[in-house]
Amino acid sequence: MAELKVNGKKVTVDADETTPLLWVLREDLGLTGTKYGCGIAQCGTCTVHIDGQPVRSCTYPVGALSGEEEITTIEGLSEDGSHPVQQAWVEMDIPQCGYCQPGMIMAVAGLLNNTPDPTDEDIDQQVTNICRCGTLARVRKGIHLAKTKKA
Amino acid sequence: MTRLKDPRAPKSPAMSRRGFLVSTAGTTVAFSFLAACSPGSGEAESDGEATSAPDVTYEPIKWFTIDSAGIVTINIIRAEMGQHVGTALARILADELEADWADVRINHVDSDPKWGLMVTGGSWSVWQTFPLYSQAGAAGRQALIEAGAAKMGVAPGDCSARAGEVICGDQKVSYGELVAGGIEKTFTEEEIGSIAIKPASERRLIGEPVQARDIAGKVDGTAMFGIDAKVDGMVYARPVMPPTRHGSKVNSIDDSAATEIKGYRQAIAIDDPSGTTSGWVLAIADTYPAAIKAADAIKVDWTPGPGADVSEEDILDRARTLISDDSAGSILDTGDVETAAAFEAAAQTIDQTYTCNTVLHMQLEPVNALAVMNGDTMEIHTGNQWQSLVLPWLSQALDMPEEKIVLKTYRLGGGFGRRLNGDYAVPAAIAAKQLGKPVKMVLTREDDSLLDSPRSPAVQRVRLAADGEGKVTGMEQHVAAGWPTKAMAPFFMPNGVNGAPFDPFAINGANHWYAVGPHRVRAIENTLANETFRPGWLRSVGPGFTNWALESFMDEAAHALGKDPVEFRLSLLTGEGRNAGSAPNSVGGARRQHEVVRRAAEKAGWGSELPADTGLGIATSFGQERDMPTWVACVARVKVDRDSGQVTAEKLTLVADAGTVVDPDGAMAQMEGASLWGLSMALHEGTAFEKGRVKDVNLNTYSPLRFGQAPELDISFVDSTEVPVGLGEPATTVVAPAIANAIYDAVGVRLRHIPIRADAVKAALG
């Protein structure tokens with residue numbers, strides 16, 4: 006059993022402490038917006054926030070959480086899709102297949118938490134997610150647009 | 006266990022509109038694709054609002070309906086995998102129908118024999134659908150105008166339609182009102198075939214900017230992919246991957262270590278009469294993490310099938326051997342295929358060989374399928390690009406008639422051709438039948454790579470003959486690669502002029518539009534590739550590698566003949582004879598290719614001064630096939646670091662002539678994605694077979710393009726009202742040769758193998 010705080014709500018899940026947070030979110034809590042891609046923290050599709058910091062949930066064991074941390078998933082990033090990153094993503098038609106985008110959006114939202122006015126170098130260093138559809142050029146422009154927006 | 010109540014989680018089945026709730030015997034499918042579309046995605050119906058569906062619906066033809074509220078629902082049989090295909094196809098029909106776009110809904114349908122061939126690939130969707138949906142929309146408009154004229158007591162000829170209304174002078178009546186009044190007129194496929202469509206000048210939606218309908222759900226986590234499907238009572242499965250793709254046989258299974266894992270249920274061997282899989286064992290568990298662990302813990306003793314010792318070099322060696330055997334393979338009909346005299350008489354010949362490594366799809370959603378027996382029907386919830394191909398395999402595997410098997414439609418977390426091959430649905434369905442309960446099988450990333458139908462490694466020899474003035478007098482291209490179409494869809498293989506069948510998706514591109522005199526194009530199946538693995542269709546298929554060789558070679562030929570690479574190409578794109586093109590698909594022929602080459606060179610500043618170790622390279626193609634040419638050219642600018650051999654792609658300038666562009670932003674996105682996919686294959690990604698398996702199975706060692714490696718893109722389209730052709734792949738075909746040609750321009754070394762690794766560049770620099 007593990008206690009977690011996800012998207013502002015306290016929940017208790019019956020999961021082995023070695024279970025990656027990803028599967029607890031997807032299977033126990035039904036939050037399927039967070040995706041599985043590689044299982045080894047390489048692709049970033051599983052990115053969520055723990056206390057505002059982007060974390061790859063596919064390798065983050067649920068037992069490493071105390072229950073006090075604020076876990077935020079794509080479903081909890083905003084009430085109505087109005088987070089600046091989401092706004093920019095819609096405005097620029099960024100998603101193609103869309104599978105990597107929840108993780109991409111969480112990674113970018115995390116970047117902006119830490120670095121509100123990122124340079125291209127900041128983006129290269131801090132957003133290491135993979136997009137196979139090839140949205141990368143738009144994502145970069147989207148980040149620069151998102152930083153100008155308010156929630 | 007507490008479940009979160011997220012305000013924007015999919016609504017409960019009870020709240021869903023009819024059609025979104027699939028009740029099954031003892032099972033409720035709560036997360037079908039359409040249900041996923043309901044709240045917030047903007048696609049499918051804007052249901053979830055408390056309105057009940059109108060009672061009266063008019064279906065002029067199976068492709069769409071209009072209800073008495075005026076809502077137009079357009080059925081889409083193509084898979085949504087990032088190309089916003091529903092938006093593009095719906096715009097075609099809605100334009101002719103004179104519908105109000107705000108009233109249009111998109112319905113991605115499940116498999117059903119009534120839809121005919123269901124396939125999403127080949128960059129075909131818009132091209133194939135355009136005439137059909139234009140005429141379907143026009144038929145609907147005609148019926149509505151007739152009904153509107155009758156209602157208003159005027160002649161149909163005095164009426165027009167616009168934005169969901171029939172108009173006559175200052176009278177008008179809405180489509181919804183006409184439908185409520187009852188319209189009887191329906192159309193067959195044959196009947197709409199003779200209906201005239203509007204002139205291009207009267208198009209109102211086609212070519213205009215639009216927000217794709219599938220975007221919203223993809224930014225808030227509500228978009229549902231196959232991997233998100235769920236039914237009550239399902240168990241999870243993960244395979245223990247057999248040692249070879251073909252012919253592995255299970256001797257024994259020892260799951261004693263797995264029994265310690267909480268949630269583990271059992272291991273089952275899959276008996277697959279369709280031969281789609283062999284030697285499969287599934288770990289069955291209550292949760293997917295338990296299935297992952299269990300599959301790792303289960304020990305299986307197999308007798309491997311063929312190819313267990315095969316390496317990449319073995320496959321390439323087989324290709325070289327086959328190419329040197331003149332009797333091997335199939336000769337394509339390129340007009341005059343007799344080149345011997347030209348080479349004998351040549352004052353100069355150029356002869357080069359190009360190779361490429363195995364490439365994985367590595368689509369980010371690993372393949373998966375949820376199989377549910379519902380009464381006497383097998384329902385399979387999965388993302389799939391070619392329903393019509395996998396249904397017969399499933400029928401054979403399950404010993405059930407095809408009409409009792411339904412593929413439920415989901416969004417695809419990347420297609421790229423991987424999901425044309427629906428092999429992954431088969432073991433899930435067998436397991437569900439065998440266990441008598443719903444089975445959700447998900448492959449881990451590593452499993453997915455091992456099961457992948459990769460792009461085959463290839464060897465290609467290209468030759469050219471020229472006379473004393475440097476005029477090209479003959480050409481040959483010999484291509485040996487694994488043949489996906491032979492492995493999976495042999496009915497799609499035509500015969501060459503020598504009577505031998507060939508895989509068009511492993512040779513297209515070589516049959517180019519340059520005027521070179523006699524032209525011999527030979528397609529050779531790499532038999533060792535097909536024995537060892539199941540070759541796949543991968544974004545840009547044949548032209549993705551044939552054009553790598555062809556356009557690298559054209560550059561080499563230009564330099565050898567003392568000509569500028571752009572001028573050399575332009576001089577051969579004469580658009581005469583066989584290359585003049587024909588209506589409807591290739592009007593203008595090679596002259597349109599001439600134009601994109603000219604424009605790309607001009608836009609990229611061809612011939613201008615560049616910094617040291619920086620170069621420009623050009624490449625062009627006609628996209629995927631001669632019957633549907635998408636004319637494209639690319640100029641790459643690269644910088645080469647002489648010390649490390651590192652190549653930096655600084656900019657790609659692409660110009661495409663795809664005829665009519667239906668959804669401009671979607672078209673642009675396809676060009677962006679296709680060109681970056683091409684760049685990734687040119688410089689970054691690739692693997693190799695080792696002991697019958699690909700050696701790179703995850704993203705720690707398989708290394709597709711990442712952020713800092715994406716160059717500036719300058720992409721433009723030629724304005725055109727010609728037949729719309731495909732855009733998902735053509736840009737992929739030009740990038741690798743443009744990069745290699747740019748490297749040559751920058752530092753004078755010629756790389757003839759992709760991916761081009763830094764160490765190869767360094768070695769070439771000496």
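Top to bottom, those sequences are chains H and V. Under the numbering used here, the first residue of the first sequence carries the number 6, and numbering increases by one thereafter. Under the numbering used here, the first residue of the second sequence carries the number 6, and numbering increases by one thereafter. Virtual Cβ for every residue (Gly too), placed ideally from N, Cα, C.
* Asked: For the 8 angstroms Cβ check, are there 3 or more pairs between the region 80 to 92 of chain H and the region 114 to 122 of chain H?
  -> yes
* **Contacting positions in the region 126 to 143 of chain H - beta carbon closer than 9 angstroms to chain V** => 126, 128, 129, 130, 132, 133, 134, 135, 136, 137, 138, 139, 140, 141, 142 and 143
* Within the 8 angstroms Cβ cut-off, does residue 37/H reach chain V? -> yes
* Which whole-angstrom value describes the C-beta separation of residue 413/V and residue 242/V, a residue pair presumed to lie in contact below a C-beta threshold of 8 angstroms? -> No, residue 413/V and residue 242/V are not in contact; Cβ-Cβ is about 18 angstroms, not under 8 angstroms.
* Straight-line CA distance for residue 148/H to residue 549/V? -> 31 angstroms
* Asked: When the cut-off is 8 angstroms and only beta carbons count, does residue 90/V lie next to chain H?
  -> no
* Asked: Quick one, which residues of the region 51 to 80 of chain H are near chain V if we go by CB-CB under 8 angstroms, in chain order?
  -> 78, 79 and 80
* Asked: Are the region 503 to 518 of chain V and the region 645 to 663 of chain V touching by the rule of at least three beta carbon pairs closer than 8 angstroms?
  -> no
* Asked: The beta strand (DSSP E) with residue 746/V in it runs from where to where?
  -> Taken as a continuous stretch (DSSP letters only), residue 746/V belongs to no beta strand (DSSP E), being part of the alpha helix (DSSP H) at 735 to 752.
* Taking only beta-carbon positions, decide if residue 370/V is within less than 8 angstroms of chain H. => yes
* To do: Count the C-beta pairs between the region 195 to 205 of chain V and the region 333 to 344 of chain V that are closer than 8 angstroms, then say yes if the count reaches three, no if not.
  => no
* To do: Starting from residue 551/V, trace the alpha helix (DSSP H) both ways and give me its first and last residue.
  => 546 to 565
* Does the separation of the CB atoms of residue 645/V and residue 752/V fall below 8 angstroms? -> yes
* Helix, strand or coil: which one does DSSP assign to residue 101/V? -> helix
* To do: Closer than 9 angstroms by beta-carbon distance: list the chain H residues that pair up with residue 218/V, in chain order.
  => Within 9 angstroms Cβ-Cβ: nothing; residue 218/V doesn't reach chain H, min ~11 angstroms.
* Which of helix, strand or coil DSSP assigns to residue 686/V -> helix
* Residue-level contact to chain H via CB, residue 51/V, 8 angstroms cutoff -> Only weak support exists for where residue 51/V lies, its pLDDT of 35 falling under 50; the value from the coordinates is given anyway. No, because no Cβ of chain H sits closer than 8 angstroms to the Cβ of residue 51/V.
* Asked: With 16 as the cutoff for other CB atoms within 10 Å, does residue 167/V come out buried or exposed?
  -> exposed
* Go ahead and label residue 491/V buried or exposed: buried means 16 or more other beta carbons lie within 10 angstroms of its beta carbon, across all protein chains shown. => buried
* Using a cut-off of 7 angstroms between C-beta atoms, extract the partners of residue 148/H located in chain V. => By Cβ distance, chain V contributes nothing, its closest Cβ being about 10 angstroms from residue 148/H, past 7 angstroms.
* Would you mind sorting residue 486/V into buried or exposed? The rule is 16 or more other CB atoms within 10 Å of its CB. => buried
* Which stretch, first to last residue, makes up the alpha helix (DSSP H) that contains residue 142/V? -> 130 to 157
* For residue 756/V, I'd like the list of residues in its chain whose CB is within less than 7 angstroms of its CB, leaving aside the five on either flank, ordered along the chain. => 745, 748, 765, 766 and 769
* Opposing strand residues paired with residue 500/V [DSSP bridges] -> 506/V
* Write down the C-beta distance between residue 598/V and residue 542/V rounded to the nearest angstrom, noting that I regard them as a contact closer than 8 angstroms. => The pair is not a contact, with the Cβ atoms about 24 angstroms apart (cut-off 8 angstroms).
* Consider the Cβ of residue 113/H: report whether some Cβ of chain V lies at a distance smaller than 8 angstroms. => no
* Cβ distance (whole Å) where residue 231/V is taken to contact residue 415/V below 8 angstroms -> 4 angstroms
* Asked: Alpha carbon to alpha carbon, what distance is there between residue 106/V and residue 136/V?
  -> 19 angstroms
* To do: Give a yes or no on whether the minimum CB-CB distance between residue 677/V and chain H is below 8 angstroms.
  => yes
* From this set, 441/V, 544/V and 448/V, which residue's C-alpha is nearest residue 489/V's C-alpha? -> 544/V
* Identify, in the order they occur along the chain, each residue of the same chain with its Cβ nearer than 8 angstroms to the Cβ of residue 295/V, setting aside the five sequence neighbours on each side. => 241, 266, 267, 268 and 269
* **Coarse secondary structure for residue 429/V, derived from DSSP in three states** => coil
* Give me whichever residues DSSP pairs with residue 479/V in a beta bridge. => 470/V
* So residue 256/V is in the beta strand (DSSP E); what residue range does that whole segment cover? -> 254 to 259
* Which word fits residue 192/V, buried or exposed, when buried means at least 16 other C-beta atoms lie within 10 angstroms of its C-beta? -> buried
* Asked: Applying a beta-carbon distance threshold of less than 9 angstroms, which residues of chain H neighbour residue 682/V?
  -> 137, 138 and 139
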